[in-house]
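A short write-up of the structure that comes next.
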């Protein structure tokens with residue numbers, strides 16, 4: 001039988017308006033009697049990427065997906081700060097995955113709160129991975 005940690009927490013917190021007895025809360029990993037979000041997450045505020053083209057500002061032909069050659073990219077950060085970049089051609093939905101290696105020297109110094117983004121995968125690594133992967137495009141996709 002398998003049961004998720006979420007089901008256990010829901011069963012425990014169902015007693016008495018979401019609060020736990022002292023002896024039960026001491027046994028929990030978090031040690032919190034009330035199930036509330038962490039303060040840091042609540043006070044973080046909104047973060048926006050600056051100097052970027054907003055989706056609403058794209059040309060109409062991009063939204064129609066009739067003209068090939070428009071690509072979307074995304075970054076997926078995984079466990080242990082591993083990362084994969086994704087490139088998707090909007091018309092054909094052709095998808096490429098990019099391996100993003102760690103930057104040299106990342107983690108050697110203490111990290112800074114609100115420091116450089118991408119968890120050790122800098123813009124240069126993303127650029128190089130895109131350039132390497134674009135070279136391996138199929139002939140039909142390269143024509144667009």
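Numbering (UniProt numbering), first residue to last: 1 to 144.
Beta carbons are placed, not taken as given, at the ideal position from N, Cα and C, and that holds for glycine.
Excluding its 5 nearest sequence neighbours in each direction, residue 84 has C-beta neighbours in its own chain below 6 Å: 76, 97, listed in chain order. Here the alpha carbon of residue 131 sits roughly 16 Å from the alpha carbon of residue 70.
Contact between residue 88 and residue 72 is confirmed by a C-beta separation of about 5 Å, below the 8 Å threshold. Along the region 48-104, the beta strand (DSSP E) occurs as fully enclosed runs of 3 or more residues at 71-77, 83-89, 95-100, listed in sequence order.
For residue 134, the uninterrupted alpha helix (DSSP H) run begins and ends at 123-134, by DSSP. Rounded to whole angstroms, the Cβ separation of residue 90 and residue 126 is 19 Å, and the two are not in contact under 8 Å. With a beta-carbon spacing of about 6 Å, residue 92 and residue 68 fall inside the 8 Å limit used to define contacts.
Under the three-state reduction of DSSP, residue 8 is assigned to helix.
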